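Chains as they are written, first to last, in the working numbering: chain H, 38 to 305; chain Z, 3 to 264. Shown next, in structure tokens, is the structure this report addresses.
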């Protein structure tokens, strides 16, 4: 058995002839928490979708547990997905179901456990994210941070080998951010899983992950442990880690000459 | 001049190709529903739950509309039949109009407006909020779990709603014709009983409503599933559901009527 549960080899992906990823190589070791970082629109979420088999690469491959994801038929793909849990950016909770029902959903779909055992499992998962008391609430009654925690409980309901997090800190207050950071680390270690965290929040992420990949303009521009990257003098990493407005990632979207644009009048 | 004409032709061609693609997409979507129906039948409680939402929840608006439609039919029919001295035939006129045409057609139009738009908006929003993607990532097919139960709920609900529409419509017609306009009670019912044929009128009406059920539910589901995941996308999809369903019902009604009468 390989030490890497997920391997991305020479992966290229794009829409309508425009390549978003150009020959990306990454590997995710078992038991580790790995972050994929990069600016908005750099294709981080798309990478998660490629790992989950929701998109097919143009070139290259993604291997999960030794199996090439895009070569699987439906049954094979669903078998692979049973080893994965994913936390979506907005939580993606089913709004017609209660918190309890949301967490019970994957258990009921994939197991034939008696209802008493489903109840125990759901309450254990909710207890792990601190929301056992909220099990009767509807998703519309939850705050953003609580919804994210319920989604996390649902993502780990079947004890997956890989847990993927899509922008888990987006729109959260500092306390909720800290709670989610601790949960990602503690759940990963308790379940012996591998976590892939897509994010652009440097400080929170560097505090708990084992390894980081920086993606920009379709390629991996830097990788290493948080300590190595903090000390990196690569211009992109320096700009990103220190939050500088201008640098290799330009502040301005590409445009024609500013002066000529202003003099041209209303015709934009 | 030629360039402008070229542009017009190009735009028309582009729209035509787009429509053909969407039509093909709709057919493929229908095939998927059929394939995944077996999986969804194993969870019958989902279909029953959707029958409640699409059928039972539409019942009030259907029955109230049916009552008024029946009353108007009786008023208009009586006015015309009286000129020919055959006002006792009002019962037949009301019943045949409802069972053959108005029952299935008006039910389908109301269904498209009430349940169809709800289905499109719900599925469109589920897509926009990544609920369908989440389901796929949990190795659960959204077509089997979300789409197929709604499809079968629509197909089962429509003929039942149409039957109740016709029944209440006849009652509305009776309320106007007999107590209000003074048509003979016995003549009203006996003429109806003698002239409404079970196979030619009632069965054909049921066939129509089943076809409308397939068409309206398919359009609502496809528009929701195919909607761009934005507020504007869902809003446009909801509008398209009503417009396309209404046109499909009226066109299908003409085609089926011509076969049934011919």
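Even for Gly, the Cβ is constructed at its ideal location relative to N, Cα and C. None of the values given here were measured: they were computed from a predicted structure.
Local conformation of residue i per DSSP, three classes
i: residue 68(H); result: coil
i: residue 58(H); result: strand
i: residue 28(Z); result: helix
i: residue 8(Z); result: helix
i: residue 104(H); result: strand
i: residue 186(Z); result: coil
i: residue 193(H); result: coil
i: residue 203(H); result: strand
i: residue 192(Z); result: helix
i: residue 249(Z); result: helix
i: residue 38(H); result: In this prediction, residue 38(H) scores a pLDDT of 47, lower than 50, which makes its location untrustworthy; the coordinate-derived value is nonetheless stated afterwards. Here residue 38(H) sits in coil by DSSP.
i: residue 236(Z); result: helix
i: residue 135(Z); result: helix
i: residue 220(Z); result: helix
i: residue 289(H); result: coil
i: residue 211(Z); result: helix
i: residue 43(H); result: strand
i: residue 50(H); result: strand
i: residue 142(Z); result: coil
i: residue 87(Z); result: coil
i: residue 99(H); result: strand
i: residue 302(H); result: coil
i: residue 15(Z); result: helix
i: residue 78(H); result: coil
Interface partners of residue i on chain C, CB under 9 angstroms
i: residue 165(H); result: Protein chains in the displayed structure are H and Z, and chain C is not among them.
Proximity below 9 angstroms, CB of residue i to CB of residue j
i: residue 255(H); j: residue 64(H); result: no
i: residue 246(H); j: residue 70(H); result: yes
i: residue 169(Z); j: residue 91(Z); result: no
i: residue 82(Z); j: residue 159(Z); result: no
i: residue 259(Z); j: residue 123(Z); result: no
i: residue 94(H); j: residue 131(H); result: no
i: residue 236(Z); j: residue 155(Z); result: no
i: residue 100(Z); j: residue 8(Z); result: no
i: residue 233(H); j: residue 199(H); result: yes
i: residue 81(H); j: residue 102(H); result: no
i: residue 124(H); j: residue 238(H); result: no
i: residue 162(Z); j: residue 217(Z); result: no
i: residue 181(H); j: residue 261(H); result: no
i: residue 66(H); j: residue 42(H); result: yes
i: residue 172(H); j: residue 213(H); result: no
Any non-hydrogen atom of the ligand HEM closer than 8 angstroms to residue i Cβ
i: residue 205(H); result: As for the ligand HEM, it is missing from this structure, which has no ligand bound.
**Request:** Identify each residue in the segment 206-229 of chain Z for which the Cβ-Cβ distance to at least one residue of chain H is less than 8 angstroms, and report them in chain order.
**Result:** none
**Prompt:** Name the residues in the segment 121-155 of chain Z whose C-beta lies less than 7 angstroms from a C-beta of chain H; which are they?
**Reply:** Under the 7 angstroms Cβ criterion, the segment 121-155 of chain Z contributes 131, 132, 133, 135, 136, 138, 139, 140, 141, 142.
**Item:** Unbroken stretches of the beta strand (DSSP E), 3 residues or longer, contained in the segment 208-283 of chain H
**Value:** 231-236, 248-253, 256-261
**Request:** Mind the definition here: the segment 184-191 of chain H touches the segment 122-140 of chain H only if three or more C-beta pairs lie below 8 angstroms; say whether that holds.
**Result:** yes
**Request:** Could you run through the segment 126-138 of chain H and flag, in chain order, every residue whose CB is less than 9 angstroms away from some CB of chain Z?
**Result:** 126, 127, 128, 129, 130, 131, 132, 133
**Request:** Would you check if the segment 44-53 of chain Z and the segment 149-158 of chain Z touch, i.e. whether three or more CB-CB distances between them fall below 8 angstroms?
**Result:** yes
**Prompt:** Is it a yes or a no for the segment 96-108 of chain H touching the segment 242-259 of chain H, going by three-plus beta-carbon pairs under 8 angstroms?
**Reply:** With a cut-off of 8 angstroms, the segment 242-259 of chain H and the segment 96-108 of chain H do not count as touching, because too few Cβ pairs lie within range.
**Prompt:** Taking Cβ-Cβ distances below 9 angstroms as the criterion, which residues of the segment 265-292 of chain H are in contact with chain Z?
**Reply:** none
**Message:** Is it the case that the segment 23-37 of chain Z contacts the segment 127-141 of chain Z, given that we only count it when at least three CB pairs across the two stretches are under 8 angstroms?
**Reply:** no
**Prompt:** Does the segment 78-95 of chain H come within contact of the segment 99-118 of chain Z, defined as at least 3 CB pairs closer than 8 angstroms?
**Reply:** no
**Request:** Let me know the alpha helix (DSSP H) ranges lying completely inside the segment 24-80 of chain Z, each 4 residues or longer, listed in chain order.
**Result:** 46-56
**Prompt:** What residues in the segment 147-161 of chain H bring their beta carbon closer than 8 angstroms to a beta carbon of chain Z?
**Reply:** 147
**Asked** Taking the runs of the alpha helix (DSSP H) that are 4 residues or longer, which of them lie wholly in the segment 124-162 of chain H?
**Response** 136-147
**Message:** Could you check whether the segment 165-179 of chain Z touches the segment 214-232 of chain H, counting it as contact only if at least three pairs of C-beta atoms, one from each stretch, sit closer than 8 angstroms?
**Reply:** The segment 165-179 of chain Z and the segment 214-232 of chain H do not touch, with fewer than 3 CB-CB distances between them shorter than 8 angstroms.
**Asked** Between the segment 239-246 of chain Z and the segment 210-230 of chain Z, do three or more beta carbon pairs fall short of 8 angstroms?
**Response** Counting Cβ pairs under 8 angstroms, three or more are found: they touch.
**Message:** Can you pull out the residues from the segment 94-106 of chain H whose beta carbon lies closer than 9 angstroms to at least one beta carbon of chain Z?
**Reply:** none
**Asked** Does the segment 91-100 of chain Z come close enough to the segment 194-211 of chain Z that 3 or more CB-CB pairs lie under 8 angstroms?
**Response** yes
**Prompt:** How do the segment 222-236 of chain H and the segment 153-161 of chain H stand: do at least 3 beta-carbon pairs fall below 8 angstroms, yes or no?
**Reply:** Counting Cβ pairs under 8 angstroms, fewer than three are found: no touch.
**Message:** Using a Cβ distance threshold of 8 angstroms, determine whether the segment 179-186 of chain Z contacts the segment 112-119 of chain Z, with at least three qualifying pairs required.
**Reply:** no
**the segment 262-279 of chain H touching the segment 158-177 of chain H, judged by at least three CB pairs closer than 8 angstroms** = no
**Request:** Return the residues of the segment 180-191 of chain H that lie within a Cβ-Cβ distance of less than 9 angstroms from chain Z, sorted by chain order.
**Result:** 188, 191
**Request:** Could you please tell me which residues of the segment 52-82 of chain H, in chain order, have their CB closer than 9 angstroms to any CB of chain Z?
**Result:** none
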